[in-house]
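Okay, structure first, notes after.
There are 2 protein chains.
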Amino acid sequence: MSYETNVFENLHHRMITNGFEHGQKIRAEHLRKEFGCSASTVREALFRLSTLGLVQFQEQRGFRVPQKSRNTLHELSHLRILLESEGAIQSIRQGRVEWEARLNAAHHQLSHIEKRLNETQISEPFIDLWFAAERQFHETLISSCGSDLLIGTHRQIYDRFRQQLMVEDRTFNFVSDNIEHHQQILDAAMSGDEALTQMKIHNHLARHL
Amino acid sequence: MSYETNVFENLHHRMITNGFEHGQKIRAEHLRKEFGCSASTVREALFRLSTLGLVQFQEQRGFRVPQKSRNTLHELSHLRILLESEGAIQSIRQGRVEWEARLNAAHHQLSHIEKRLNETQISEPFIDLWFAAERQFHETLISSCGSDLLIGTHRQIYDRFRQQLMVEDRTFNFVSDNIEHHQQILDAAMSGDEALTQMKIHNHLARHL
DNA sequence: AAATTACAAAATTTCAAAATTATAGCTAAA
DNA sequence: TTTAGCTATAATTTTGAAATTTTGTAATTT
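Protein sequences, first through last, are from chains G and A. Position 76, counted from 1, in the first sequence is what numbering that gives the first Met the number 0 calls 75; the numbers after and before it change by one each time, with no gaps. Position 45, counted from 1, in the second sequence is what numbering that gives the first Met the number 0 calls 44; the numbers after and before it change by one each time, with no gaps.
What follows is the structure in structure tokens.
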């Protein structure tokens, strides 16, 4: 793996997991010391991230983490509902027992983590586990839709969605609602009811609209 | 405007207007002579294009224009229908007389070009005009949807869609169908019939599914 | 006190050379 | 004839310095 790809993946992850603050200036000249490479290599990675919307680029003024924005969150939620509903519906239509098994497994893991969080309120060591399991659940939900493009686009939106919520994610205020919502989404998908699945996905995200 | 942005925009345009052939290797080392800048600057622009899906990047093997792919076109069409329908529906709901005026203007220009193309079969001088007008019509159709994110995502998909059709676009075989389809989309949108608009968009793109 | 100017420091952008890797062609051995 | 090994060439990746622009601060002017 090349240096640039290493830098890209590292920064990509930190952009959506509160590794940098909203609005923070990202200086290639500083990060090069941390990564032990040239500022040009960091700059390349930042350009890719800017195209993904995870960093804002302004000529001659460098790169900056996007601010939290109520409007951006609204738009991301709306588009995420659209994509995830379509992906889930197509997965219901095209998925097989294998998809159901994977979805149940993903849900099992996620609900296990969320229930632990809900009982103990021990937060910090679980955030990474929760983060990965939440993503895995939603991605598995659409994984049999038959379109890599839809999956990729959904991922792009999901990443930006997570970035907008990266501070709030760490308060864990959402957990009890999530347990219920994720269960409802799973049940609806397992029952093969497309409209119900779409409605449950919408309910899950409606508070951000 | 910086060099890199210049290079990016130039390459971006050529990626979707048959400036390079499907599957062609894109060498920064060669293009630097054309642009009169360093290969590193070209490489930066290519990284951005790769994130947009208009160029494929492979470590140590550089950049390549994506092949034509029946499957990719299918996925792009499906996703484009999804996004464009949603954008059109939201525009119908949220748009005002001003949106209708802009859409009628965009359609007028597009149909004028398409009719000329249909009558005279003079192709080459019109491709750029048609290209711009077709894009303008579809973008205007969704322009009052209230979501910059949806508009931006649609544009990204539309670009890739045009790349897949950039050779076929130059045969002009589609023109008479297009005249009819665009008119139907306009009429449906003007009538405020959401379901009909969605159906007409679907019909317009169904041959690529 | 507020606005403007000048200058130094910091940051950004670009460059082309060095380091590294892939590719192509040739030769020898099996 | 095929395969493996070697070498030269071409291309890719990375580097850090030079060129350019922005930012911050102090001094001056209004």
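Just so it is clear, CB atoms sit at the ideal spot from N, CA and C, and this is done for glycine as well. Source: prediction; values computed, not measured.
Review point. Cβ of residue 1 (chain G) less than 8 Å from any chain A Cβ?
Key: yes
Review point. Roughly how many angstroms separate the alpha carbons of residue 67 (chain A) and residue 21 (chain A), rounded to a whole number?
Key: 6 Å
Review point. Skipping 5 residues on each side, what residues in its chain have a beta carbon closer than 7 Å to that of residue 136 (chain G)?
Key: 105, 106, 109 and 181
Point to revise | Residues that DSSP places opposite residue 25 (chain A) in a beta bridge | key: A:62
Exercise for review: State yes or no: is the C-beta of residue 40 (chain G) nearer than 7 Å to some heavy atom of the ligand GTP?
Suggested key: The ligand GTP is not among the ligands present in this structure, which contains no ligands whatsoever.
Check your understanding: How big is the Cα-Cα spacing for residue 147 (chain G) and residue 86 (chain G)?
Key -> 10 Å
Review point. Among G:129, G:170, G:37 and G:16, which one has its Cα closest to the Cα of residue 6 (chain G)?
Key: G:37
Check your understanding: At least one CB of chain A closer than 8 Å to the CB of residue 195 (chain G): is that the case?
Key -> no
Review point. According to the neighbour-count rule (16 or more other Cβ atoms, all chains shown, within 10 Å of its Cβ), is residue 194 (chain A) buried or exposed?
Key: exposed
**Study point:** Inter-stretch contact at 8 Å, needing at least 3 Cβ pairs: the region 27–43 of chain G / the region 72–87 of chain G
**Key:** no
Review point. So, are the CB atoms of residue 185 (chain G) and residue 82 (chain G) less than 8 Å apart?
Key: no
Check your understanding: Rounded to a whole number of angstroms, what is the C-alpha to C-alpha distance between residue 115 (chain A) and residue 174 (chain A)?
Key -> 10 Å
Check your understanding: Can you find a CB in chain A that lies within less than 8 Å of the CB of residue 161 (chain G)?
Key -> no
Practice item. If I'm right that residue 25 (chain A) touches residue 113 (chain A) with Cβ under 8 Å, what's the distance once you round it to whole angstroms? Key: 32 Å between Cβ atoms; not a contact.
**Study point:** When G:47, G:2 and G:171 are compared against residue 119 (chain G), the one with the closest alpha-carbon
**Key:** G:171
Review point. Going along chain G in order, which residues have a C-beta closer than 9 Å to the C-beta of residue 147 (chain A)?
Key: 70, 71 and 74
Exercise for review: Return the chain-ordered ranges of every beta strand (DSSP E) run that is complete within the region 121–168 of chain G and spans a minimum of 3 residues.
Suggested key: none
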